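Chains as they are written, first to last, in full-length UniProt numbering: chain S, 1 to 350; chain E, 1 to 350; chain Y, 1 to 350; chain W, 1 to 350.
Before any comments, here is the structure.
Number of protein chains: 4
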Amino acid sequence: MFFSSDNSSPAHPKVMEALVAANAGYMPSYGGDPIMDEVRARIREIFEAPEAAVYLVATGTAANVLSLACYCPPWSAIFCHRNAHIEEDECASPEFYTGGAKLVLVDGEHAKMTPETLRETIRFTGRGGVHNVQRGMVSITDVTENGTVYSVSEVAALAAVAKDYGLPVHMDGARFANALVSTNASPADLTWRAGVDVLSFGGTKNGLMGVEAVVLFDPDKAWEFELRRKRGGHLFSKHRYLSAQMQAYLADDLWLDMARTANARADRLAEGILKIPGASLAHPQDANMVFAAFPRGLHHKVRAEGAAYHIWPGHQSLEGDPDEPVSARLVCSWCTGEDEIDGFLGALNA
Amino acid sequence: MFFSSDNSSPAHPKVMEALVAANAGYMPSYGGDPIMDEVRARIREIFEAPEAAVYLVATGTAANVLSLACYCPPWSAIFCHRNAHIEEDECASPEFYTGGAKLVLVDGEHAKMTPETLRETIRFTGRGGVHNVQRGMVSITDVTENGTVYSVSEVAALAAVAKDYGLPVHMDGARFANALVSTNASPADLTWRAGVDVLSFGGTKNGLMGVEAVVLFDPDKAWEFELRRKRGGHLFSKHRYLSAQMQAYLADDLWLDMARTANARADRLAEGILKIPGASLAHPQDANMVFAAFPRGLHHKVRAEGAAYHIWPGHQSLEGDPDEPVSARLVCSWCTGEDEIDGFLGALNA
Amino acid sequence: MFFSSDNSSPAHPKVMEALVAANAGYMPSYGGDPIMDEVRARIREIFEAPEAAVYLVATGTAANVLSLACYCPPWSAIFCHRNAHIEEDECASPEFYTGGAKLVLVDGEHAKMTPETLRETIRFTGRGGVHNVQRGMVSITDVTENGTVYSVSEVAALAAVAKDYGLPVHMDGARFANALVSTNASPADLTWRAGVDVLSFGGTKNGLMGVEAVVLFDPDKAWEFELRRKRGGHLFSKHRYLSAQMQAYLADDLWLDMARTANARADRLAEGILKIPGASLAHPQDANMVFAAFPRGLHHKVRAEGAAYHIWPGHQSLEGDPDEPVSARLVCSWCTGEDEIDGFLGALNA
Amino acid sequence: MFFSSDNSSPAHPKVMEALVAANAGYMPSYGGDPIMDEVRARIREIFEAPEAAVYLVATGTAANVLSLACYCPPWSAIFCHRNAHIEEDECASPEFYTGGAKLVLVDGEHAKMTPETLRETIRFTGRGGVHNVQRGMVSITDVTENGTVYSVSEVAALAAVAKDYGLPVHMDGARFANALVSTNASPADLTWRAGVDVLSFGGTKNGLMGVEAVVLFDPDKAWEFELRRKRGGHLFSKHRYLSAQMQAYLADDLWLDMARTANARADRLAEGILKIPGASLAHPQDANMVFAAFPRGLHHKVRAEGAAYHIWPGHQSLEGDPDEPVSARLVCSWCTGEDEIDGFLGALNA
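Right, dumping it as C-alpha cells:
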C-alpha cells in the first residue's frame, strides 16, 4: 500500500539486466557510446522525427530547465500553469538556468491551462516594451500535477495560442508514457504534430533508475543544449549507463506496458474509492495518479494499517474533526500490485 | 496638462545650482567625495539612524534590486504585491540580480498587501523543504503603484507578519517623500521603527535628475552592497554629482516641500474629477497620483486639447463605445501647476 | 598637482550649461527625449555609420558589460589583455552580466595585445568541444590601461585575427577621444572600418559628469541591448540629462578639444620627467596618462608638496630604500593646467 | 590497450550486484533511503569526521561546482592551478553556479601549485577594494590533471597559505582514491587535518557508474548545499541507486583496492616506457596516469595496433616529423590488465 510516489518504485528488472549487459569492456565516454546511437535512432523512429536532436540526462528537473534555457532568454516570460512542477517543485531552478526569466502563471481547473486562460495571460504580458519581461515560451505539463491529462486536441489548442504569439512550446513529460497510453495517441501526435518544440521525455518515474530524454524536434538548438548540459554538470562521463536504461525502456514497448499497468491500477483505485461512502475524487483520474478526499478519521485508520501517501495539497492538517474530508495523492506505478489496491480499498472501506 | 509621469518633470532649480556648485576643482571619485560624507550624515540624522549605511545610485531599479540581492539568496521567495514595480516594471531585474530568486505575488485591493494576504502567501510558500523556494524577504512599495499609501501602522502590521517568519523587509520608496507627507509620519516611524530593514529612498521622481539613496538600517550588509553595486555597474566614478543632488534635496526640506506640492496638486485634481459627471476614482488618492475613470469620449476630447497621461491598466482601448468608462493614471509632481490642474478639469468638464 | 584620475576632474562648464538648458519643462522619459534623437543622429554622423544603434548609460562598466553580454553567451571566452579594465577593475561584472562567461587573458607588453599573442590564445581555447568555453569575442581597450594607444592598423590587425575565427570585436573606449586625437584617425577608421562591432564610447573621463555611449555598428543587437540595459537597472527615467551631456560633448568638437588638451598636458609631463635624473617612463606615453618611475625619496617629496597620484602597480611600497625607483600613474584631463605640470616637475626636480 | 580515460572503464561487478540488490520494493526518494544513512555513517567513519555533512551527486562537475558555490560569492576569486579541471574542462560551470565568480590561475610545474605561487597570486588579488574580485577560496586538485599527487604535507602547506588569508579550501578529488593510495595517507590526514573544508570525493573514475560524494567537513553549509543541489537539478529522486553504488564502493575497501590496481598498472606502464629509447615521462607518475613523450612515428605504430589514448596537450599534431616527440596521456583504471600494459609496451618497443 505504497502510493507516495512513482519515484519510490524500483526499476524494472529488464532495466537492470540491460545495465549489467552494458557493463562490459571499455566504451567511449560523454555520449559517444554506441548504445546512445541506437537510442537516438529509436527515439527518432518512435516520434517519427528523423531530424530530432536527442539527449539524455538523469533528472527531470535537468531535462526541464535545460530545455527552457535553450529557448528562454533571461528577460522572457515562461507561461505555465500555477501548479506546474517547474513552478512549484524545482526550487527556482528554471530561474537559475535561464539567468532570471520569470514564470508567469496561468489559471485553470485541475492543473490544466485552457486556451482562454493562456491567451489572456500571454496577452497581458510584455505589453510595456522594455519595462516588462518579454513573451518567451509556453510549458505544458502532461500528465499534469493533478493527474489530469491533456488530449492531443487540448495540447494542439494550447500550442495554437502559443503560435499566435510566435512562441515555442515545451512539454514537461515526466509522465509522458502515462499521458500517451491515457490518450491512446501516437508520440508524434501528442508532441510535434500538436505544436510541441521540445519534450522532456520522462523515464525515471516509469520504471527507470534515473534517465530522462530531451527531444528537440527542431535540432537548431542542439549545440546550445550540449553546452548548457555540460556546464550544468549534467553530461555523464560514463554515459553508457544512461543509454542502456533508455534502450531497455524503449525495447519491446516496455515503457508503454509499464505505463499501462500504472494507469490501470489507478483506474481500479479510483473506481474503488468512488464506492466508499464519504470519499470523492478531487480531480479527474486520467492516468496513474488518484487525488481522493475522504474523512480525516479514515486517513488515520489506513495509515495505521500501513498505507503510505502524501496529503495533497500539503497545507491540510491531519489533526481535527475526524469527519471532515482531507484530500490525498495516491500514485500508482508499473509495480503497484492489484493486491495493494484492494488492500487499501479494504482498509478504507472497513 | 502633462500628467504622464513624475519622471517627465524637470529637476528643481536648486538641484541644478548644487550641481554647478559641486563642479569645481578635483574631488575624490567613487564615493570618496566630501559631499557624500555630508549626505550620509544628513540621512542618518533625518532617519534617526546613526548606524545606517547609506549609498547612492542613479536609478530606482538599481536601488531596489541591489537591496533585494543583499538579502535574498537565489533560492528565496520575495513576497510583494502582484502590482509591485519590482514585479511589473523592471523586466525581471530582481531575478537577474538575485541570481534567480522568485517573486511570489500577494493579493490585495488598490495595490496594497494586507497582513492577511501576506501571511497566507508566506504560509503557503516553502513548506516542501528543498523542493520549494525558501521564504526570503517582504518588499513593500510605499507609495503603491496605484497611488495608495501604507500608513505607519499598516507598514508595521506587514512587517510584523514578516518578522513572525524571521524575514527582513524592504521598502521600495521611489515615492517615499510623497508617502511621508501623506502620512505625516517621521522618516524613522515609517521605516525602521515599523520594521523596515532597507529602504530605496527615491529622489528622481521628486525633483532630482537621477539619484536614489539606499538606506541599510542594519549596516551588516554594507560591504556586500558595495560589491554588488560595483559589479552591477552602478558605482559612479564622478560620484560627487550624485551626492550634490541629494545634498540639495535634503537641504531646507526641499524634498518634503516638493512632495507636498505634488500631493496637493493631486488632491486638487481628485476633488475636481469627483465633481465631473460620469467620472470616478479607481483607487483612493493618497499621494501624488490620481487613478480616474471617465468616459472614453472625454479621453479623446482632453487629449485633443493637449492632456498627456497613461491609460491604466494599459490593456484598455481608446477605440469603442464613447460612453464607456476608461481609466487613466494622472501623476502630479513638484512642478505641476494649479493652472494645469484647472485647465485639465475645465477640458474634462466642458 | 592632481593626477590621481581623470575621474576626479570636474565636468566642462559647457556641459553644465547644457544640463541647465535641458532642465525646462516636461520631456518624455526613458530615452524618448528629443535631445536623444539629436545625439543619435550626431553620433551616426561622426562615425559615418547611419545604421548604428546608439544608447547612453552612466558608467563605463555598464557600457562595457552590456556590450559584452549582447555578444557573449554564458559559455563563451572573452579574449582581452590581462590588464584590461574589464578583467582588473570591474569586480567580475562581465561574468555577472554574461551569466558566467570566462575572460581569457592575452599577454603583451604595455597592456597591448599583439596579433600573435591574441591568435595563440584564441587557438588554444575551445578546442575540446563541449568541455571548454567556446570562443566568444575579442575586447580591445583603447587607450589601454598602461596609457598606450592602438593605432588604426593595430586595431585592424587584432580584429583581423578575431575575424579569422568569426569572432565579433568590442572596443572599450573609456578614453576613446584620447586615443582618437593621439592617432589622428577618424572615428570610423579607428572602429568599424578596422573591424570593431561595438564601442563603449566614453565621456565621463573626458569632461562629462557621467555618460558613456554604446555604439552598436551592427544594429541587430539593438533590442537585446535595450532589454539588458533595462534589467541591469541602467535605463534612466529622466534620460534627458544623459542626452544633454552627450549633446554638449559632441557640439563644436568639445570632446576632441578636451582630449587634445589632456594629451598635450601628458606630453609636457612626460617630456619633463624624462629630463629628471633617475626618472624614466614605464610605458610609452601615447595619450593622457604618464607611467613614470622615479626614486622612492622623490615620491615622499612631491607628495609632501601636494601631488596626488596612484602608485602603479599597486603592490609597490612607499616604505624602503629611498633611492629605489617606484612607478606611478599620472593622469591628465581636460582641466589639467600647465602650471600643475610645471609645479609637479619643479617639485620633482628640485 | 585502452588508455583514453578511466571514464571509459566499466563499473566493478560488485557495484552492479549492489544495484540489483537495491532494486527491490519501495524506498523513500530524494535521499531519504536507508542505504544513504549507511553511506553517510561509513564516510564519516572513514574520514574520522562524525559531524561531516555528506551528499551524493552523479557527476564530478556537479560535485565541484556545488561545493564551490557554497563558499564563493559571485564577487570572489577562486584560486586554482591554471590546468585545473574546474578551469579547463567544465565549460565555465563554476562561473555559472557561483553567479559569476572568477577563477584566478596559479602557476606551478606539473599542474601543482606551490605555496609560493599560491601566496603570490592571492596577495596580488583583491587589493583594490570594491573594484576587484575578493579573495574567495582555494581549490586543490588531487590527483592533478598531470597525474601528479600532492602529499599530505603539500596539501597542508597550500591550506596554510589559504588560512593565512582566511580562505576556505576545496579539494577536487575526482581521483581521490588514487591520491590516497599513492600517498599512503589516511583520508582524514589528506583532507580536513591538512586544512581541507570540502571534498569532492570521486567514485565514477574509479569503478562506479556515476557517483561522487561531497563531504562538507564543516556542516554549516549543509542546508545551502541541499538547496543548490536541488536547483542545479542534481537531487536524484530514485536516490537509492546512488547510495547503493557508494555503499558497494566503500565496502571491504573496494575503492582502495581498485585504486591500488590502477596505480600499480600505471607504475608498470611508466617503468616500461622509461626503458624505451626516445621515450620519456612528461610529468612524474604518481598515481594512475602516465604522461609520456615518444616519437611521432611510434604513435602511428601503436595506434595502428589498437592502442587508444589522448594526445596531451591537445594542440600537438600527429602529422609531421616522425622522430619528433609527441606527448600523450595514458590512463589506467581498476580494470586495466597487465596484458594491456605489456601489449602496449611491446608495440612501442618493437
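Quick reminder that beta carbons are idealized off the backbone N, C-alpha and C, glycines included.
Bear in mind that the values here come from a model prediction, so they are computed numbers and not experimental data.
Check for me: the beta strand (DSSP E) holding isoleucine 140(E) runs from which residue to which?
From DSSP, the beta strand (DSSP E) with isoleucine 140(E) extends over 134 to 141.
Would you decide whether leucine 274(S) is buried or exposed? Buried here means 16 or more other CB atoms lie within 10 Å of its CB.
Taking every protein chain shown into account, the CB of leucine 274(S) has fewer than 16 other CB atoms within 10 angstroms, so this residue is exposed.
Range of the contiguous alpha helix (DSSP H) that encloses glutamate 48(E):
Annotation for glutamate 48(E): no alpha helix (DSSP H) segment contains it, and DSSP assigns it neither H nor E.
Would leucine 227(Y) and aspartate 197(Y) qualify as a contact pair, given that the criterion is a beta-carbon distance under 9 Å?
Against a cut-off of 9 Å, the Cβ pair of aspartate 197(Y) and leucine 227(Y) comes out as no contact.
From the DSSP output, which residues share a beta bridge with aspartate 172(W)?
Aspartate 172(W) is bridged to Thr141(W), Ser200(W).
Per-residue burial, asparagine 288(S) [other beta carbons within 10 Å of its own, 16 or more giving buried]:
Burial state of asparagine 288(S) is buried, judged by a 10 Å Cβ sphere holding 16 or more other Cβ atoms.
Give the straight-line distance between the Cα atoms of alanine 244(S) and histidine 170(S), rounded to the nearest whole angstrom.
Taken atom to atom, the span from the alpha-carbon of alanine 244(S) to that of histidine 170(S) is near 26 Å.
What are the boundary residues of the beta strand (DSSP E) that includes serine 327(W)?
Here the beta strand (DSSP E) through serine 327(W) covers 325 to 331.
Please list the partners that glutamate 226(Y) has in chain S, where partner means a Cβ-to-Cβ separation under 7 Å.
Chain S residues near glutamate 226(Y): Val130.
For the alpha helix (DSSP H) containing residue 377(E), name the first residue and the last one.
Here chain E covers residues 1 to 350 and nothing more, so residue 377(E) does not appear.
Cβ-heavy atom distance between aspartate 6(S) and the ligand FAD below 8 Å?
Ligands are entirely absent from the displayed structure, and the ligand FAD is therefore not among its contents.
Is aspartate 164(S) close to chain E, meaning its C-beta is less than 9 Å from at least one C-beta of that chain?
Closer than 9 Å: no.
Distance cutoff 9 Å, beta carbons only. Does tyrosine 30(W) sit that close to anything in chain E?
So, interface residue.
Mind pulling the chain Y residues with CB within less than 9 Å of histidine 315(W)?
Simply Arg123, Phe124, Arg127.
What are the residues of the segment 91 to 114 of chain Y that lie near chain W, defined by any Cβ-Cβ distance shorter than 9 Å?
Cβ contacts with chain W: Cys91, Ala92, Ser93, Pro94, Glu95, Phe96, Tyr97, Thr98, Gly99, Gly100, Ala101, Lys102, Leu103, Leu105.
On the criterion of 16 or more Cβ atoms from any shown chain inside 10 Å, does arginine 127(W) qualify as buried, or is it exposed?
Its Cβ having fewer than 16 others within 10 Å, arginine 127(W) is exposed.
Does DSSP classify phenylalanine 291(Y) as helix, strand or coil?
It is a strand residue.
Can you tell which of Met1(W), Val15(W), Gly31(W) has its C-alpha closest to the C-alpha of methionine 258(W)?
If you compare the alpha carbons of Met1(W), Val15(W), Gly31(W) with that of methionine 258(W), the shortest gap goes to Val15(W).
Residues, ordered as in the chain, of the segment 44 to 75 of chain E that lie near chain Y by beta-carbon distance below 7 Å
In summary, the residues of the segment 44 to 75 of chain E whose CB is separated from some CB of chain Y by less than 7 Å are Ala58, Thr59, Thr61, Ala62, Val65, in the order they occur in the chain.
Compile a chain-ordered list of the residues in the segment 236 to 257 of chain Y whose CB is closer than 7 Å to at least one CB of chain E.
Correct list: Phe236, Ser237, Lys238, Tyr241.
Rounded straight-line distance, which links the Cα of glycine 99(W) to that of residue 428(Y):
Since the first and last residues shown for chain Y are 1 and 350, residue 428(Y) lies out of range.
Does the Cβ of aspartate 37(E) have 16 or more other Cβ atoms within 10 Å, making it buried, or fewer, making it exposed?
Counting of Cβ neighbours within 10 angstroms places aspartate 37(E) among the exposed residues, the total staying below 16.
Can you tell which of Val106(Y), Asp107(Y), Ala101(Y), Leu105(Y) has the C-alpha that lies nearest to the C-alpha of glutamine 134(Y)?
Nearest of Val106(Y), Asp107(Y), Ala101(Y), Leu105(Y) to glutamine 134(Y), Cα basis: Ala101(Y).
Using a 10 Å radius around the Cβ and a threshold of 16 neighbouring Cβ atoms, would you call proline 10(Y) buried or exposed?
Proline 10(Y) counts as buried, since no fewer than 16 other beta carbons sit within 10 angstroms of its beta carbon.
Touching by the beta-carbon criterion (3+ pairs, under 8 Å), the segment 318 to 335 of chain S and the segment 155 to 172 of chain E
By the criterion of at least three beta-carbon pairs nearer than 8 Å, the segment 318 to 335 of chain S is not in contact with the segment 155 to 172 of chain E.
Pull up the DSSP beta-bridge partners for glutamate 212(E), would you.
Looking at the DSSP output, glutamate 212(E) sits in a beta bridge with Val57(E), Gly202(E).
For histidine 110(W) and threonine 141(W), which I take to be in contact (beta-carbon distance under 8 Å), what is that distance rounded to the nearest angstrom?
Contact flag wrong, Cβ pair sits at about 12 Å.
For the beta strand (DSSP E) containing leucine 269(E), name the first residue and the last one.
The continuous stretches of beta strand (DSSP E) do not include leucine 269(E), which lies in the alpha helix (DSSP H) extending over residues 254 to 274.
Contact list for the segment 128 to 160 of chain E against chain W, Cβ threshold 8 Å:
Listed by position, the residues of the segment 128 to 160 of chain E near chain W (Cβ gap below 8 Å) are Val130, His131, Gln134.
Are the C-beta atoms of lysine 301(S) and some chain Y residue less than 9 Å apart?
Contact with chain Y is absent for lysine 301(S), since none of that chain's Cβ atoms lies less than 9 Å from the residue's Cβ.
8 Å Cβ cut-off: residues of chain W touching arginine 231(E):
Taking a Cβ-Cβ cut-off of 8 Å, the neighbours of arginine 231(E) in chain W comprise Pro74, Trp75, Gly100, given in sequence order.
Do the segment 72 to 82 of chain W and the segment 72 to 89 of chain S make contact, defined as three or more Cβ pairs closer than 8 Å?
No contact exists between the segment 72 to 82 of chain W and the segment 72 to 89 of chain S.
Just verifying my parser: in three-state terms, what is the DSSP assignment at alanine 282(Y)?
The DSSP-derived three-state label of alanine 282(Y) is coil.
Reference leucine 348(W); option with closest CA among Asp323(W), Ala279(W), Trp334(W), Ser67(W)
Its Cα nearest to that of leucine 348(W), the residue Ala279(W) stands out among Asp323(W), Ala279(W), Trp334(W), Ser67(W).
Measuring alpha carbon to alpha carbon, tell me which of Ala52(W), Asp286(W), Gly25(W) ends up nearest threonine 191(W).
Minimum Cα distance to threonine 191(W) is reached at Ala52(W).
Own chain, CB closer than 6 Å to alanine 69(Y), minus 5 neighbours either side, in chain order:
Tyr97, Thr98, Arg228, listed in sequence order.
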